[in-house]
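K.L.:
Quick one: this structure, given as structure tokens, is what I'll be asking you about.
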Amino acid sequence: MKFGGTSVADAERIKRAARRIVSAREQGHRVVAVLSARGKTTDELIASAEEVSTNPDPREMDMLLSTGERISCALCAMAINDLGHRAISLTGSQAGIVTDTSHTKARILDVRADRIHQALDEDLIVLVAGFQGVSTARDVTTLGRGGSDTTAVALAAALDAEVCDIYTDVAGVYSADPRIVPDARKLPVVSFEEMLEMSASGAGVLQLRSVEYARNHGVRIHCRSSFTEAPGTLVVGEEETMERPLITAVTHSRDEARLTLLGVPDHPGVSGRIFTALAEANINVDMIIQDEPDDDGAEAHMSFTVPRTDLRQARAALDPVVAEVGIRAIGEDPEMGKVSVVGAGMKSHPGVAAKVFSTLGDQGINIEMISTSPIKISCVVAADAVDRAVRALHEAFDLGADQIEVEHPFGAPA
Ligand code: ADP
Ligand code: ASP
Ligand code: MG
Numbered sequence: 019m020k021f022g023g024t025s026v027a028d029a030e031r032i033k034r035a036a037r038r039i040v041s042a043r044e045q046g047h048r049v050v051a052v053l054s055a056r057g058k059t060t061d062e063l064i065a066s067a068e069e070v071s072t073n074p075d076p077r078e079m080d081m082l083l084s085t086g087e088r089i090s091c092a093l094c095a096m097a098i099n100d101l102g103h104r105a106i107s108l109t110g111s112q113a114g115i116v117t118d119t120s121h122t123k124a125r126i127l128d129v130r131a132d133r134i135h136q137a138l139d140e141d142l143i144v145l146v147a148g149f150q151g152v153s154t155a156r157d158v159t160t161l162g163r164g165g166s167d168t169t170a171v172a173l174a175a176a177l178d179a180e181v182c183d184i185y186t187d188v189a190g191v192y193s194a195d196p197r198i199v200p201d202a203r204k205l206p207v208v209s210f211e212e213m214l215e216m217s218a219s220g221a222g223v224l225q226l227r228s229v230e231y232a233r234n235h236g237v238r239i240h241c242r243s244s245f246t247e248a249p250g251t252l253v254v255g256e257e258e259t260m261e262r263p264l265i266t267a268v269t270h271s272r273d274e275a276r277l278t279l280l281g282v283p284d285h286p287g288v289s290g291r292i293f294t295a296l297a298e299a300n301i302n303v304d305m306i307i308q309d310e311p312d313d314d315g316a317e318a319h320m321s322f323t324v325p326r327t328d329l330r331q332a333r334a335a336l337d338p339v340v341a342e343v344g345i346r347a348i349g350e351d352p353e354m355g356k357v358s359v360v361g362a363g364m365k366s367h368p369g370v371a372a373k374v375f376s377t378l379g380d381q382g383i384n385i386e387m388i389s390t391s392p393i394k395i396s397c398v399v400a401a402d403a404v405d406r407a408v409r410a411l412h413e414a415f416d417l418g419a420d421q422i423e424v425e426h427p428f429g430a431p432a
């Protein structure tokens, strides 16, 4: 069971999570629960680092950020003990989550769950601080924003759990972020393939790595509300999903930045040099566009997007390359967003891209960059056009709750 930040935000909610955990235990399950930091704690910790340093050291950042989740676990353990059950809270390190050494976005390499097994054998409820681990160099690491989802899935895999219940502040995975599209539809089932594309294109409801991990290890995710008992969304293998509509969801991100390299020399190896520098700095480049110099000798440009939070690091990584390969200048557009449509059904249907482009065109929204996969079409647009773009696409593809017949994988309602 994993509880997100909103679900443990105050004392009442911690107690509610504690009751839910205890109730699962009383139904005869052995329970391991992963908790996130309370409410906006992680944001506040980041802000406090920025108050004392313009460029906080990543190792120290992880020492700081990992505290939020520890607070939640200790408090929840106290609440569970008061309910007459015995609970033990563990840090990521104590829980055996071993990661690589890339601070602030570490990857889980191994889960050594013997301490958890031992606690479960002693009939304890185990609470694990999400979003963190210990590196192969024995430093505390964190797993990137939203990383508690990945902690939960990795533990579910290591413990061979029946299911990984992810309790959050919405009732499941929707056809669009319900905060932007109030009539978005809750999806009863989503395939790993679609959820990967959704998370990768901004649906923060499940961290991308948690979905990758679940697919690779065959973990069933049940994403659901921490405030109701109603079933949420099952994220499962393709074979378990039924016939899909053409488009499943519209996703978005407002957190993109674009870098444009002006006057890129037209030589083999230049792109390799540029993107190796970015890869070595552990920066995820998303869309890339390069134009060839024309016969008039106009210079070539290359544009690509990175997460806005990585913009400063990306510039730092590129500085030596600019001088080395002779790039004239770098331009920055820090306020970019991205809107995507995702659906396994589009594989075999032409015309989806045309509809996306004309819908955005009708809204007067300029498309700055485009990328596609077999089941996704993404457009980079100005960050302030994102909400309008999401609503228009959701409407154009008839994804609203009132527009599609709801499926009932859990049986028809009584
Ligand atoms: P938690 O703190 O529980 O991990 P998050 O804030 O990380 O919660 O994720 C839940 C949020 O994800 C929702 O409140 C919602 O605004 C957002 N979200 C974005 N896209 C979607 C989507 N397609 N379906 C459901 N929620 C979405
Ligand atoms: N607390 C971390 C964050 O806000 C991790 C998580 O909640 O999953 O990103
Ligand atoms: Mg989250």
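Residue numbers for the sequence shown, in my numbering: 19 to 432. Think of the CB as a built atom: it goes at the ideal place given N, C-alpha and C, for glycine as much as any other residue.
At 3 residues or longer, what runs of the beta strand (DSSP E) sit wholly inside the stretch 94 to 121?
P.N.:
For the stretch 94 to 121, whole beta strand (DSSP E) runs of length 3 or above, ordered along the chain, are 105 to 108, 115 to 117.
K.L.:
Shortest alpha-carbon distance to His235 belongs to which of Gly114, Thr168, Gly379, Asp80?
P.N.:
The count along the sequence shown starts at 1 and reaches residue 235 at position 217. Comparing Cα-Cα distances from His235 to each of Gly114, Thr168, Gly379, Asp80, the minimum goes to Thr168.
K.L.:
Of all the options Val158, Ile395, Ala347, which has the alpha carbon lying nearest to the alpha carbon of Val370?
P.N.:
Here residue 370 is taken as the residue at index 352 of the sequence shown, counted from 1. Answer by Cα proximity: Ile395.
K.L.:
Hey, which unbroken runs of the beta strand (DSSP E) at 3 residues or more fall wholly within the stretch 174 to 256?
P.N.:
The stretch 174 to 256 contains these whole beta strand (DSSP E) runs: 182 to 186, 207 to 209, 239 to 243, 251 to 254.
K.L.:
With DSSP as the reference, label Ala414 as helix, strand or coil.
P.N.:
Position 396 of the sequence shown, counted from the first residue, corresponds to residue 414. Helix.
K.L.:
Which residue marks the beginning of the beta strand (DSSP E) containing Gly382, and which one marks its end?
P.N.:
Along the sequence shown, read from residue 1 onward, the residue named residue 382 stands at position 364. No beta strand (DSSP E) holds Gly382; DSSP gives it neither H nor E.
K.L.:
Let me know the secondary structure DSSP gives Gln45 once reduced to three states.
P.N.:
The residue labelled residue 45 in the question sits at position 27 within the sequence shown. In the structure shown, Gln45 sits in coil (DSSP, three-state: anything other than H, G, I, E or B).
K.L.:
If contacts are defined as beta-carbon pairs under 8 Å, then Arg276 and Thr323 qualify, I think. What distance do you get, rounded to the angstrom?
P.N.:
Residue 276 sits at position 258 when you count from the first residue of the sequence shown. Residue 323 sits at position 305 when you count from the first residue of the sequence shown. The Cβ separation is near 5 Å, so the contact holds.
K.L.:
Which residue comes first and which comes last in the alpha helix (DSSP H) that contains His135?
P.N.:
Here residue 135 is taken as the residue at index 117 of the sequence shown, counted from 1. From DSSP, the alpha helix (DSSP H) with His135 extends over 132 to 139.
K.L.:
How would you write the range of the alpha helix (DSSP H) that Ile64 sits in, first residue to last?
P.N.:
Along the sequence shown, one-based indexing puts residue 64 at 46. That run of the alpha helix (DSSP H) goes 59 to 70.
K.L.:
In terms of residues, what are the limits of the beta strand (DSSP E) holding Ala51?
P.N.:
As a working note, residue 51 is residue 33 in the sequence shown. Its beta strand (DSSP E) spans residues 50 to 53.
K.L.:
Assign Ala335 to buried or exposed, taking buried as 16 or more other Cβ atoms, counted over all protein chains shown, within 10 Å of its Cβ.
P.N.:
Along the sequence shown, read from residue 1 onward, the residue named residue 335 stands at position 317. With 16 or more other Cβ atoms within 10 Å, it is buried.
K.L.:
Give a yes or no on contact between the stretch 152 to 160 and the stretch 67 to 83, applying the rule of three or more CB pairs nearer than 8 Å.
P.N.:
With the cut-off at 8 Å, the stretch 152 to 160 and the stretch 67 to 83 touch.
K.L.:
Taking 8 Å as the cut-off, decide whether the C-beta atoms of Ala147 and Leu108 are in contact.
P.N.:
Stepping through the sequence shown from its first residue, residue 147 is reached at position 129. Stepping through the sequence shown from its first residue, residue 108 is reached at position 90. Closer than 8 Å, so yes.
K.L.:
Excluding the five sequence neighbours on either side, which residues of its own chain have a C-beta within less than 7 Å of the C-beta of Gly190, listed in chain order?
P.N.:
Looking up residue 190 in the sequence shown gives position 172. These residues qualify, in order along the chain: Lys204, Leu205, Cys241, Arg242, Gly250, Thr251.
K.L.:
Taking 7 Å as the cut-off, is the CB of Asp405 close to at least one heavy atom of the ligand ADP?
P.N.:
Sequence index remark: in the sequence shown, residue 405 carries index 387 (1-based). No, Cβ of Asp405 sits at least 7 Å from all heavy atoms of the ligand ADP.
K.L.:
Can you give me the Cβ contacts of Gly418 inside the same chain, cut-off strictly under 6 Å, excluding the 5 residues immediately before and after it?
P.N.:
On the sequence shown, position 400 is the one that residue 418 refers to. Excluding residues within five positions, the ones whose Cβ falls inside 6 Å are Asp201.
K.L.:
What residue from Arg233, Asp380, Gln331, Gly287 has the CA that sits closest to Val343's CA?
P.N.:
Residue mapping note: residue 343 aligns to position 325 of the sequence shown, counting from 1. Checked all of Arg233, Asp380, Gln331, Gly287; the closest Cα to Val343 is Gly287.
K.L.:
Any heavy atom of the ligand ASP within a distance shorter than 7 Å of the CB on Ser166?
P.N.:
On the sequence shown, residue 166 is found 148 positions in, with the first residue counted as 1. Yes; taking the cut-off as 7 Å, the Cβ of Ser166 has a heavy atom of the ligand ASP nearer than that.
K.L.:
Going by the C-beta, is Phe149 closer than 7 Å to any heavy atom of the ligand ASP?
P.N.:
Taking the first residue of the sequence shown as 1, we reach residue 149 at position 131. Yes, Cβ of Phe149 sits closer than 7 Å to a heavy atom of the ligand ASP.
K.L.:
Quick check: the Cα distance between Ala430 and Arg272, rounded to an integer number of angstroms?
P.N.:
Taking the first residue of the sequence shown as position 1, residue 430 is located at position 412. Taking the first residue of the sequence shown as position 1, residue 272 is located at position 254. For Ala430, the predicted model reports a pLDDT of 39, less than 50, meaning its position is unreliable and no value from the coordinates is stated.
K.L.:
Gln150 bridges to which residues according to DSSP?
P.N.:
For this step, residue 150 is matched to residue 132 along the sequence shown. Note: Gln150 sits in a beta bridge opposite Thr160.
K.L.:
Could you have a look at Phe428 and say whether DSSP puts it in helix, strand or coil?
P.N.:
Position 410 of the sequence shown, counting from 1, holds the residue named residue 428. Only weak support is given to the placement of Phe428: the predicted model assigns it a pLDDT of 41, under 50, and the question is left unresolved by the model.
K.L.:
Any chance the stretch 356 to 367 sits against the stretch 208 to 220, with 3 or more Cβ pairs inside 8 Å?
P.N.:
The stretch 356 to 367, when compared against the stretch 208 to 220, does touch it at the 8 Å Cβ threshold.
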